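Shown next, in structure tokens, is the structure this report addresses.
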Amino acid sequence: MRTGSTTGTIRTRRTVRAAAAVVATGLALTLGGCGGDDDGGGAETVPDEKPVTVDLPKLDGETLEIAAVWTGAEQKNFKQVLAEFEKRTGAKVTFVPAQDPIINFLGSKIAGGKPPDLALLPQPGAVKQAVEKGWAKPLGAAAAKELAENYSQGWQDIGKVDGKSYGVYYKAANKSLIWYNNQVFENAGAAEPKTWDELLTAARTVYDSGVTPFSIGGADGWTLTDWFENIYLSQAGPEKYDQLAAHEIKWTDPSVKEALTTLAEIWGKQEYLAGGAKGALQTEFPASVTQTFTGGDQPKAGMVYEGDFVQVNIGETKAEVGTDAKVFPFPAVGDSAPVVSGGDAAVILNDSKAAQALATFLASPDAATVHARLGGYLSPNKAVEMSAYPNDVQREMAQALIEAGDDFRFDMSDQAPQAFGGTPGKGEWKALQDFLNDPRDVAGTQAKLEADAAAAYGD
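Position 336 (the sequence shown) corresponds to 353 in our numbering; numbering is contiguous.
Next comes the structure, spelled out in structure tokens:
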């Protein structure tokens with residue numbers, strides 16, 4: 018694996034097939050019957066002891082701020098991790114809610130002379146921008162030691178810029194999953210698909226039973242980029258994926274046309290989308306999940322695509338993960354099923370003993386274990402015990418992530434400059450929202466994507 022492109026593109030020497038097989042096998046083995054709880058985690062009992070594997074300094078009287086775009090249950094659960102750090106060090110940590118794009122949010126804070134001490138950045142491109150702007154500070158020896166001991170080389174490398182470690186990938190995501198309402202599938206007689214054609218068949222079967230097949234959170238452009246990336250990775254392959262991520266090929270490439278045309282096989286059917294395209298574009302991600310798992314056997318939709326973190330939102334309904342809410346890997350469009358990963362990296366903005374200590378804690382299995390027990394969370398930290406996860410679904414997803422090692426592709430839009438891949442109402446987010454509204458305009462969408470990409474990458 019190597020890094021070094023202007024966007025932090027990840028290159029692997031192997032394909033995603035091994036990881037896809039692990040994910041598919043793991044999910045198939047475990048989705049038969051584990052329950053859920055209010056946090057979307059599961060009904061199984063998890064030991065409450067907290068591991069202590071890393072020495073932290075005493076920081077009585079020290080105060081810290083850490084910013085992230087997390088809201089709702091995700092923010093609530095992370096605050097419990099921060100509470101453990103406070104308990105062990107005596108420091109006081111305040112969570113600062115940020116807005117997308119977080120780079121712009123941080124820029125305004127820095128301009129005002131009040132930057133947070135750390136920030137969780139959801140894009141490798143944003144980490145690189147923070148370094149280039151002189152905001153991000155290198156990780157110290159203690160945090161670097163935790164990374165070396167606990168993370169695969171791939172996860173270490175995507176937190177580096179010019180060979181120096183700046184980011185701790187505290188949270189990971191398996192973004193190649195489709196969740197479904199089990200009662201809807203049973204009533205319709207639909208089967209879990211393994212290929213794109215089988216997904217279209219399942220959608221037709223659900224539709225014929227009287228339920229709209231898909232719920233899409235189109236108000237949040239990032240969900241649409243994830244749809245595209247899974248199709249593109251499976252159909253065009255890893256090498257093309259890397260090239261497009263680095264803008265080494267243009268968005269007018271025939272491979273992009275093929276992926277958009279495939280995507281339109283679902284997006285182009287108004288009757289397949291909850292609320293049609295207009296309704297989807299007004300639906301935010303959390304609602305896209307909850308409306309799939311409320312309403313008994315007549316929900317607004319039978320399926321919703323997104324990552325493992327969907328469990329947090331399912332936890333806001335009465336549905337139980339593994340019984341009422343089940344999941345299958347994103348079907349293979351090409352030769353193999355895709356494995357797309359995302360993640361959030363903790364970056365130090367205000368260097369201090371306390372900030373370095375928090376980064377070290379977040380790089381340790383101690384922090385991740387606290388969060389894992391709360392559900393709706395995956396850690397790329399290979400030292401986290403699988404027993405920390407609250408149900409079999411979570412454990413299998415976590416195991417697949419760790420066993421995949423470097424066999425994954427990081428979210429393409431997250432690798433891009435934030436102006437293109439991570440800004441509401443602009444770049445890729447906006448172009449794909451427009452495409453959802455009019456999936457017939459493949460050529461126009463490609464032209465818009467290429468123009469915005471060229472401007473953002475400085476080509």
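From the three backbone atoms N, C-alpha and C, an ideal C-beta is built for every residue, glycine too.
Given the structure is predicted, the values throughout are model-derived calculations rather than measurements.
What residues in its chain sit with their C-beta under 7 angstroms from that of residue i, if we drop five residues either side in the sequence?
{"i": "ALA161", "result": "SER182"}
{"i": "LEU48", "result": "For LEU48, the predicted model reports a pLDDT of 41, less than 50, meaning its position is unreliable; a value from the coordinates is still stated below. Cβ neighbours of LEU48 beyond the five flanking positions: GLY339, LYS343, VAL344 and VAL410."}
{"i": "LEU44", "result": "A caution first: LEU44 carries a pLDDT of 48, below 50, which makes its placement in the model unreliable, though a value can still be read off. Here the set comprises VAL344, PHE345, PRO346 and GLU413."}
{"i": "THR212", "result": "PRO348 and ALA349"}
{"i": "PRO141", "result": "GLY25, ILE175, PHE427, ASP431 and GLN432"}
{"i": "PRO230", "result": "ALA220, VAL223, TYR224, TYR289, ALA318, GLY319 and MET320"}
{"i": "ARG105", "result": "LEU73"}
Give the range of the alpha helix (DSSP H) segment to which residue i is assigned.
{"i": "LEU135", "result": "Taken as a continuous stretch (DSSP letters only), LEU135 belongs to no alpha helix (DSSP H), being part of the beta strand (DSSP E) at 135-138."}
{"i": "TYR474", "result": "459-474"}
{"i": "LEU453", "result": "444-454"}
{"i": "ASN199", "result": "199-205"}
{"i": "HIS388", "result": "382-389"}
{"i": "ILE213", "result": "In the sequence as presented, Ile is not what sits at residue 213; that position holds Trp. First-last of the alpha helix (DSSP H) with TRP213: 213-225."}
{"i": "PHE437", "result": "435-438"}
{"i": "MET12", "result": "This structure gives no information on residue 12, because the portion of the chain shown stretches from 18 to 476."}
{"i": "PRO303", "result": "302-307"}
{"i": "LEU298", "result": "293-298"}
{"i": "PHE378", "result": "370-379"}
{"i": "VAL273", "result": "271-284"}
{"i": "GLN432", "result": "429-432"}
{"i": "GLN170", "result": "170-174"}
{"i": "GLU328", "result": "Checking the sequence, you will find Gln at residue 328 rather than Glu. Element bounds for GLN328: 327-331."}
{"i": "GLN487", "result": "The structure shown does not extend to residue 487, since the chain spans only 18 to 476, so no value can be given for it."}
{"i": "LEU164", "result": "158-167"}
Less than 6 angstroms between C-beta atoms, sequence neighbours within five positions excluded: which residues of the same chain meet that for residue i?
{"i": "PRO303", "result": "ASN330"}
{"i": "VAL273", "result": "GLN463"}
{"i": "LEU216", "result": "PRO210 and PRO348"}
{"i": "ALA90", "result": "VAL329"}
{"i": "LYS465", "result": "ALA448"}
{"i": "GLN200", "result": "ASP314"}
{"i": "VAL98", "result": "ALA384, VAL387 and HIS388"}
{"i": "TYR394", "result": "HIS388"}
{"i": "VAL228", "result": "VAL201 and GLY319"}
{"i": "VAL321", "result": "TRP196, SER232, SER305, VAL306 and THR309"}
{"i": "TRP284", "result": "LEU453 and PRO456"}
{"i": "VAL1", "result": "With the chain running from 18 to 476 in the structure shown, residue 1 is simply not present."}
Quick check on the DSSP output: the beta strand (DSSP E) that includes residue i runs from which residue to which?
{"i": "ASP361", "result": "357-365"}
{"i": "VAL185", "result": "184-191"}
{"i": "ALA342", "result": "342-346"}
{"i": "MET320", "result": "320-322"}
Can you give the beta carbon distance from residue i to residue j, rounded, assuming they're within the 8 angstroms contact cut?
{"i": "GLY422", "j": "SER169", "result": "5 angstroms"}
{"i": "TYR249", "j": "ALA276", "result": "4 angstroms"}
{"i": "ASP7", "j": "ALA85", "result": "Absent from the model: residue 7. The displayed extent of the chain is 18 to 476, so no value can be given."}
{"i": "PHE437", "j": "ALA470", "result": "5 angstroms"}
{"i": "LEU156", "j": "ALA297", "result": "That belief does not hold up - the Cβ atoms of LEU156 and ALA297 are roughly 40 angstroms apart, past 8 angstroms."}
{"i": "ALA143", "j": "GLY439", "result": "7 angstroms"}
{"i": "ALA372", "j": "LEU164", "result": "With a Cβ gap of about 16 angstroms, ALA372 and LEU164 do not count as contacting."}
{"i": "GLU301", "j": "GLY234", "result": "6 angstroms"}
{"i": "ALA3", "j": "SER396", "result": "Residue coverage of the chain in this structure runs from 18 to 476, which leaves residue 3 outside it and unanswerable."}
{"i": "GLU101", "j": "LYS67", "result": "6 angstroms"}
{"i": "VAL364", "j": "ALA147", "result": "6 angstroms"}
{"i": "TRP204", "j": "SER226", "result": "It is worth fixing the name first, because residue 204 is Asn in this sequence and not Trp. Their Cβ separation, rounded to whole angstroms, is 6 angstroms, which keeps ASN204 and SER226 in contact under 8 angstroms."}
To which residues of the same chain is residue i closer than 8 angstroms at the C-beta, ignoring the five residues directly before and after it?
{"i": "GLY293", "result": "GLN287"}
{"i": "LEU46", "result": "Annotation note: pLDDT 35 at LEU46 (below 50); position unreliable, coordinate value reported separately. GLU413, listed in sequence order."}
{"i": "PHE95", "result": "ALA85, TRP87, PHE112 and HIS388"}
{"i": "ALA415", "result": "ALA389, LEU395, SER396, VAL401, MET403 and TYR406"}
{"i": "LEU123", "result": "ALA84, ALA115, PRO132, PRO133, ALA136, ALA147, TRP152 and LEU366"}
Beta-carbon of residue i versus every beta-carbon of chain D: anything under 9 angstroms?
{"i": "THR240", "result": "Among the chains of the structure shown, chain D does not appear; only one protein chain is present."}
Subject >> Segments of 3+ residues assigned as beta strand (DSSP E) that fall wholly inside the region 70-129 >> reply: 80-85 and 109-114
**OP:** Determine, using beta-carbon pairs with one atom in the region 256-265 and one in the region 426-434, whether at least three such pairs fall under 8 angstroms.
**Re:** yes
Original post:
Does the pairing of the region 395-412 with the region 140-155 give three or more beta-carbon distances under 8 angstroms?
Top reply: no
Subject >> Sufficient close CB pairs (3 or more, under 8 angstroms) joining the region 441-451 to the region 239-247 >> reply: yes
Original post:
Is it a yes or a no for the region 67-77 touching the region 367-382, going by three-plus beta-carbon pairs under 8 angstroms?
Top reply: yes
Original post:
What are the start and end residues of each continuous alpha helix (DSSP H) run of 4 or more residues lying completely inside the region 232-257, in chain order?
Top reply: 238-253
**OP:** Flag this pair as touching only if the region 132-140 and the region 349-356 have three or more C-beta atom pairs under 8 angstroms; answer yes or no.
**Re:** no
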